[in-house]
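First the structure, in the form of structure tokens, and then the observations on it.
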Amino acid sequence: MQLAVLGGFVLAAFAPLLHRWFGERAGLVMALLPASLSLWLFFQLPAVTAGEVLVFEYPWVPGLDISLTFLLDGLSLLFALMISVIGVFVLIYTRGYLKGHPDLARFHVVLVAFMMSMLGLVLADNVVTLFVFWELTSITSYLLIGFNHTDPEARKSALQSLLITAGGGLSLLAGLIMMALIGDSWSLQGLTSQGDVIREHGFYLPILLCVLGGAFTKSAQFPFHFWLPNAMAAPTPVSAYLHSATMVKAGIYLLARLQPGLGGTEAWMTLLSLFGAVTMVTGAFLALRHTSIKSLLAYSTVMALGTLTMLLGIGTKEAMVAFATFLLAHSLYKGALFLVAGILDHETGTKDIAAMGGLRRAMPVTATCAGIAALSLGGVIPLFGFIGKESMLEAVLHAERFSPFLSALSLSAAIMTLAAAAIVALRPFFGTRRETPRAPHEGPPEMLVGPILLAGLSLLLGVAPELASGLIAAAASSVNGEPLHASLSLWHGINPALMLSLVSLVLGLLIFRYWGHWRAWLRPLEPLFARGPEAGYFKFMDLIVTVSIWQTRMLQNGYIRNYLVMTLLVLVGLTGYTLLARQGLTFDFALDVHIHEVLVVGLMVSGAITACIMRLRLAAVAAVGTMGFCIALIFVTFSAPDLGITQLLVETLTVILLVLVLFRLPRFASLSTSLERVRDLVVAGSTGLLVTLLILTVLDGRLFPSISDYMIANSQPEGHGHNIVNVILVDIRALDTLGEVFVLALAAIGVYAMLRFHSSEHDDRHPPSRKESRNG
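In terms of the UniProt record's numbering, the sequence shown opens at residue 1 and continues consecutively.
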């Protein structure tokens, strides 16, 4: 399993080479990897449906307890099969859809990397590994959505999806870390088994909100739903893959995986049920506003994602079975419908359903696939989507909380979804033949194989649902945390769920009949739609730009004095607060000061004050030099003659350099106001006081014994030197000394360069005479 996933990234890296070898057939060659992985996963079905959990572990960073652990149970197997199988069809489909595209190799690089990132995400058991793959899906989806990088809309949509999902990823990271620390495990299996500990902890609510922040942004839950339809700027193979099996299902997978550990509480059930239901109705309602087939399908995906979230919030055994059933049904029909949308766009030259009509004779296979998949989307018998919708309605009717409210919203969503399905199935292929930008004809075989097989599976599993019962039961058991039995059937007798299905069928067809009037009725609400969550996103982005401009103007204005003042204020504020809050101002030390030390310090203070108040540069330089020489005296006083000599040499060189450049400086001028000078005095005084208090604190609070004894004892035997300071500098702190030598060498090179620059500048200003030139 690890070799398959990691090998997929290697395959992605070699995609350009494969294109050089195989040309346009490179996509078919790369499809062999997900095809073989799908075959291997099918062979694991008997073991997984029997309740076995397969674990593949490889130590990644053992010191940090991070392992590349892959877990294969019912839930991860269901997702892995969807990703692998639909990935095969998408790679095959791409050959026909992007035939002749100059950047096809780049597309395959990112698509395969995206596929492996999603596989790694749903198979990962280690928290850190899961988060790494989580962020990889955000990055690779950003590259896929913005594939047509010359299109400003594609770039804007890609950036929007990245900012929203990556922001949610940061929230998720915080939640996962808190979970791992509280549950004392970095394994998802370990964390879900510690559900009682996590739910009873005081940080449960912050953990839940952080995890939901990551899952809701990734899976386009309200109010973050708007980025998903905008992602339709991606090529159709990307849209089909994103909506059916990957990316947007990542948040749903995470919620399902963490259900045993975080679920079952009032907060979990309330938040997921309500947000899921609102997202479900919002997606179904907004789908009917659009005539673009990709936008209509995208909003129906938002509806499905909301439904899945709502079922996880309901949390009953019926809801878990309905969740797994609806998830599989949605992947099959949505993958087929998006591939059909690509065929219509590719062969007719338009995505507008209103501009299509009467295409069934020119595109009979496409029309059949669209009809079957759309019937499954609408939940019409005998398609597998009908079983999924029946299971969902049954779970909602028996919900322990908010059952009437959720039932009403579910019925409304089912009505509008069926209308959308009828639009997709009937409007392009029936009715009056309309002229399209291109003469319509059937798509090539590589573009038809995916819709045919996915639509055929929707029909097959609808007629024979027992074929999927084992996988559905295994997935539902993983979500529930306990073994469940799934009894899937087309007919459960006449019951309330069936009645609601019939009502949705009748009213959905009625909306389809008057779809044009429906859109006209909604037109007065356009100003309200324009002020929705997406408008808030753009205002937030504008606010970031405004704050950035203000911050640059205030904090990064090019004045070194302001930089220094802000840095010192932050240092004094944070360090000073920590010092006062944790240490206080109580010191216990003996003050043993001699008169000559007081005189040296007093002379140093006088030099500092003189340097600040003098208006003559030469006098200021002399005062600064006095401070430096006093520091050298302090070193000598405390028996460090080598440091004193070093300080003396450095200070002498500094004074000489200052004197050399003194006459190159402009005339003295007051560049600050009196108030600014008072501010600088306060900041400087506060910094000096803070440093003094820190030194006193260090002297008073020695936490470890002094290392002086070790240095004295080991200087001669280990370093072969009687001068302890030299041994420290040359042997014990050799790299530090080497760094100081580099600094001095760079300073010397800089001084030399400045002198040479001055000489050349002088020569340019005073060119030689003709006589000097001739002699030269």
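C-beta atoms are modelled at their ideal positions from N, C-alpha and C, and glycine is treated no differently. Remember, it's a predicted structure, so these values are computed and weren't measured experimentally.
Let's test the definition: count the other Cβ atoms within 10 Å of the Cβ of Glu394 and tell me whether it reaches 16, buried, or not, exposed. Buried is the call here.
Continuous beta strand (DSSP E) stretch holding Leu484: start and end: That residue, Leu484, is in no beta strand (DSSP E); it is neither H nor E in DSSP.
Would you give the residue range spanned by the beta strand (DSSP E) that Pro59 belongs to? That run of the beta strand (DSSP E) goes 59 to 61.
Taking Cβ to Cβ, would you say Ala113 is nearer than 8 Å to Ala234? No, Cβ-Cβ distance for Ala113 and Ala234 is not below 8 Å.
Assign Asn775 to one of three DSSP states: helix, strand, or coil. Bear in mind that the predicted position of Asn775 carries a pLDDT of just 40, short of 50, making it unreliable; the figure below should be weighed with that in mind. Helix.
Terminal residues of the continuous alpha helix (DSSP H) containing Leu77? In this chain, the alpha helix (DSSP H) harbouring Leu77 covers 74 to 97.
In the UniProt domain "MrpA C-terminal/MbhE" (676 to 769), which residue ranges form an unbroken alpha helix (DSSP H) of at least 4 residues, counting only runs that do not cross its ends? Taking only runs of at least 4 residues, the alpha helix (DSSP H) segments lying wholly in the UniProt domain "MrpA C-terminal/MbhE" (676 to 769) are 708 to 719, 724 to 727, 734 to 765.
Output the boundary residues of the alpha helix (DSSP H) element that contains Leu37. Following the DSSP letters along the chain, one finds Leu37 inside the alpha helix (DSSP H) bounded by residues 32 to 43.
Going by DSSP, name the residue or residues bridged to Ser67. Listed as beta-bridge partners of Ser67 by DSSP are Pro59.
CA nearest to the CA of Asp345, picked from Ala370, Leu453, Thr432, Arg438: Minimum Cα distance to Asp345 is reached at Arg438.
Considering only their Cβ atoms, is the gap separating Ala287 from Ala374 smaller than 8 Å? Cβ atoms of Ala374 and Ala287: not closer than 8 Å.
How many Å lie between Pro404 and Thr307 at the Cα? When rounded, the distance between both Cα atoms is 16 Å.
Looking at Gly283: is its Cβ nearer than 8 Å to the Cβ of Ser295? The answer is no: Cβ separation not under 8 Å.
Is the Cβ-Cβ distance between Pro237 and Ala105 less than 8 Å? Cβ distance not < 8 Å, so Pro237 and Ala105 don't count as in contact.
Please classify Asp592: does DSSP put it in a helix, a strand, or coil? Coil at Asp592, not helix or strand.
Tell whether a beta-carbon distance below 8 Å holds between Phe42 and Ala124. It is not a contact, given that the beta carbons lie outside the stated cut-off.
Val424 to Trp60, Cα distance in whole Å? Taking C-alpha positions only, Val424 is separated from Trp60 by approximately 48 Å.
Please classify Leu359: does DSSP put it in a helix, a strand, or coil? DSSP places Leu359 in the coil class of the three-state scheme, outside both helix and strand.
Relative to the alpha-carbon of His485, which residue among Ala474, Leu671, Trp491 has its alpha-carbon at the smallest distance? Cα-wise, what sits closest to His485 is Ala474.
How is Ser670 classed by DSSP in three states: helix, strand or coil? The three-state reading of DSSP puts Ser670 in coil, since its state is none of H, G, I, E or B.
Where do the ends of the alpha helix (DSSP H) carrying Asp642 lie? Note, Asp642: alpha helix (DSSP H), 641 to 662.
So Gly251 and Phe275 are in contact, right, with Cβ under 8 Å, and what is the actual spacing, rounded? That pair is no contact at about 12 Å.
Given 8 Å, three or more beta-carbon pairs between the region 198 to 216 and the region 84 to 94: These segments do not touch.
Rounded to whole angstroms, what is the Cα-Cα separation between Gly776 and Val743? Here the model assigns Gly776 a pLDDT of 38, short of 50, so the residue's position is not dependable, and the following value carries that caveat. Rounded to the nearest angstrom, the two C-alpha atoms are 39 Å apart.
Among Leu690, Ile724, Gly263, Ala623, the one whose alpha carbon lies nearest that of Val605: Per the Cα distances, Ala623.
DSSP bridge partner residues for Ser548 (one or two, in chain order): The partner list for Ser548 (beta bridge, DSSP) is empty, contrary to what the question assumes.
Between the region 350 to 366 and the region 426 to 446, can you find at least three pairs of beta-carbon atoms closer than 8 Å? Segments in contact, yes.
Taking the alpha-carbon positions, what's the Phe512 to Trp518 distance? Rounded to the nearest angstrom, the two C-alpha atoms are 9 Å apart.
Here's the rule: buried if 16 or more other CB atoms are within 10 angstroms of the residue's CB, otherwise exposed. What is Lys539? A residue is called buried once 16 or more other Cβ atoms fall within 10 Å of its Cβ, and Lys539, having fewer, is exposed.
So what's Leu383 in DSSP terms, helix, strand or just coil? Coil at Leu383, not helix or strand.
Evaluate Tyr93 with the Cβ neighbour count: other Cβ atoms within 10 Å of its Cβ, from every protein chain shown; 16 or more gives buried, anything less gives exposed. Buried.
Does the beta-carbon of Gly183, which I'm using as the reference point, lie nearer than 7 Å to any heavy atom of the ligand FAD? Here there are no bound small molecules, and the ligand FAD is not part of this structure.
Touching by the beta-carbon criterion (3+ pairs, under 8 Å), the region 442 to 452 and the region 469 to 483: Output reads no: the region 469 to 483 does not touch the region 442 to 452.
Of the choices Leu188, Ala748, Arg679, whose alpha-carbon is the least far from that of Leu254? The option with the nearest alpha carbon to Leu254 is Leu188.
What does DSSP give as the partner residues of Asp352 in its beta bridges? In DSSP, Asp352 forms a bridge with Ser292.
Do Val5 and Leu119 come within 8 Å of each other at the CB atom, strictly closer than that value? Taking 8 Å as the Cβ cut-off, Leu119 and Val5 qualify as a contacting pair.
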